[in-house]
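Chemist:
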Amino acid sequence: AASVSFRNVTKVYGKDVVAVDNIDLEIEPGKLVTLLGPSGCGKTTTLRMIAGLEMSTKGSITIGGVDVTRLPATDRDVSMVFQSYALFPHMTVIENVSYGLKFSGHPKSDIRNAALEGLGLVGLADFADRLPSELSGGQQQRVAVARALVLKPQVLLFDEPLSNLDAKLRRQVREEIREIQQNLGLTVVYVTHDQEEALAVSDTIVVMRNAGIAQIGTPRELYDAPADRFVADFIGEANLVECAITSVEGDTAEVDIAGYRYRLDTRGLDVGPATMAVRPGRIVLNRDAAGDGLEVTVSKATYVGSRMEYTLATPVGELFAVMDDVYDPLDVGQVVQLQFADIGPVLLPEA
Ligand code: ADP
Ligand code: MG
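Using the UniProt record's numbering, the letters of the sequence shown map in sequence onto residues 9 to 359.
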């Protein structure tokens with residue numbers, strides 16, 4: 009497994025379509041790094057530049073410390089799994105998986121064993137002699153994964169590999185990919201626009217927006233401390249609350265939310281109007297009206313099986329909260345005290 013690094017990399021298509029705008033990126037060996045962002049933000053282009061299927065317009069790319077910026081795809085030790093499995097329909101499963109090894113010069117029996125081992129990794133050793141059309145979508149995608157794995161690439165790339173699968177299979181195949189990646193210690197760069205998928209599989213998530221990088225962090229860092237509104241909104245759900253920073257002491261800000269005072273990390277902000285992001289699950293609603301929270305009214309209560317969802321009317325606008333207690337829910341119209349969990353809100357840089 010190799011590292012991948014981008015230095016000031018830009019990709020312009022044609023005259024002026026800037027698909028990737030001056031990005032820096034460090035991917036450590038043996039990690040699964042996800043490129044996450046809305047459609048058109050430059051994820052596929054970034055991946056294709058690692059593969060050598062697109063050449064960067066500016067900047068440099070290294071794989072395992074070797075400068076590959078101008079190296080053609082065939083000379084890079086990288087393989088890619090696509091959204092459309094791209095299997096050869098007239099070849100059996102094992103022929104598909106062996107295909108990339110055919111020209112390697114290894115004896116036929118070695119190639120067959122390697123292909124069977126690859127199929128074993130994805131749980132399809134018994135399907136070696138079937139045609140792709142005789143497999144389900146999830147099985148076909150596993151064959152595509154096996155085909156990439158047998159090449160033992162330094163870096164394995166996935167471009168929205170689960171988009172064609174239904175929700176249940178998506179979860180299953182993503183867990184398999186993560187397990188194989190961890191067991192074999194592979195460097196994987198994984199593209200998705202699905203934030204839940206990104207949170208579930210990644211060591212590190214690179215959130216992309218408009219051809220650039222909005223934030224890089226672990227799933228927890230991005231969820232607990234989004235850098236800005238875009239990341240707060242794109243990863244999970246967030247309430248954005250208008251507040252005021254009334255004083256700053258060192259790294260601690262005192263924040264006023266309609267009279268409710270709260271201490272938070274300043275994140276470099278100074279006294280003045282500010283915005284706070286609060287995850288729905290980090291709101292605590294206290295029935296004890298004598299508490300010292302912010303007084304709010306339950307305006308909507310929805311039972312969704314695993315939890316209750318509440319809409320709250322508050323002096324700072326409507327807030328969305330979720331609670332695990334489904335057996336003793338709050339009533340619409342009930343007045344409660346709102347507080348925040350310990351890992352609660354964060355201040356966002358824009359006011
Ligand atoms: P994503 O994978 O995040 O959806 P892409 O990397 O595919 O984004 O595309 C980024 C931008 O580059 C988009 O505006 C897209 O229209 C444009 N683009 C992608 N491929 C090409 C191409 N071959 N020629 C011209 N423009 C392209
Ligand atoms: Mg794409």
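We put the CB at the ideal spot given by N, CA and C, even for glycine. Bear in mind the structure is a predicted one, so any value in this text is a computation, not a measurement.
Measure the CB-CB distance between valine 74 and threonine 54 and report whether it falls below 8 Å.
Modeler: For this step, residue 74 is matched to residue 66 along the sequence shown. For this step, residue 54 is matched to residue 46 along the sequence shown. Cβ distance not < 8 Å, so valine 74 and threonine 54 don't count as in contact.
Chemist: Mind checking who proline 281 pairs with in its DSSP beta bridge?
Modeler: If you number the sequence shown from 1, residue 281 lands on position 273. Answer is Ala252, bridged to proline 281.
Chemist: Name the two residues that bound the continuous alpha helix (DSSP H) containing aspartate 241.
Modeler: Stepping through the sequence shown from its first residue, residue 241 is reached at position 233. Its alpha helix (DSSP H) spans residues 237-242.
Chemist: Identify the continuous alpha helix (DSSP H) that holds tyrosine 231 and give its terminal residues.
Modeler: Taking the sequence shown and counting its residues from 1, the one referred to as residue 231 is at position 223. Element bounds for tyrosine 231: 227-232.
Chemist: Would you kindly report the start and end of the unbroken beta strand (DSSP E) that includes glutamate 184?
Modeler: Counting from 1 along the sequence shown, the entry for residue 184 is found at position 176. Glutamate 184 -> not in any beta strand (DSSP E); alpha helix (DSSP H) instead, spanning 175-192.
Chemist: In three-state DSSP terms, what is alanine 359?
Modeler: Reading the sequence shown from its first residue, position 351 is the one you call residue 359. For alanine 359, the predicted structure reports a pLDDT of 46, less than 50, and the residue's modelled location is therefore unreliable. A value from the coordinates is still provided. Residue state, collapsed to three classes: coil.
Chemist: Do you know how far the Cα of serine 13 is from the Cα of residue 369?
Modeler: Because the chain spans 9 through 359 in this model, residue 369 falls outside it and cannot be assessed.
Chemist: Just the C-alpha distance for valine 26 and threonine 52, rounded to the nearest angstrom, thanks.
Modeler: Here residue 26 refers to the residue found at position 18 of the sequence shown. Here residue 52 refers to the residue found at position 44 of the sequence shown. When rounded, the distance between both Cα atoms is 13 Å.
Chemist: For aspartate 264, I'd like the list of residues in its chain whose CB is within less than 7 Å of its CB, leaving aside the five on either flank, ordered along the chain.
Modeler: Numbered from 1 along the sequence shown, position 256 holds the residue referred to as residue 264. Excluding residues within five positions, the ones whose Cβ falls inside 7 Å are Cys251, Ala252 and Thr254.
Chemist: Count the other CB atoms, across all protein chains shown, that sit within 10 Å of the CB of aspartate 167; report buried if there are 16 or more and exposed otherwise.
Modeler: Sequence index remark: in the sequence shown, residue 167 carries index 159 (1-based). When all chains shown are included, aspartate 167 counts as buried.
Chemist: Have a look at Tyr318, Asp300 and Gln203 and flag the residue whose alpha-carbon is nearest the alpha-carbon of aspartate 333.
Modeler: As a position in the sequence shown, residue 333 is number 325, starting the count at 1. Cα-wise, what sits closest to aspartate 333 is Tyr318.
Chemist: For leucine 127, does the three-state DSSP call read helix, strand or coil?
Modeler: Counted from its first residue, the sequence shown places residue 127 at position 119. Helix.
Chemist: Please report the distance separating the alpha-carbon of valine 196 from that of leucine 165.
Modeler: To locate residue 196, count along the sequence shown from 1; it is residue 188. To locate residue 165, count along the sequence shown from 1; it is residue 157. Going from the Cα of valine 196 to the Cα of leucine 165 covers about 6 Å.
Chemist: Identify the residues that DSSP records as bridge partners of residue 420: which are they?
Modeler: Residue 420 is absent from the structure shown; the chain starts at 9 and stops at 359.
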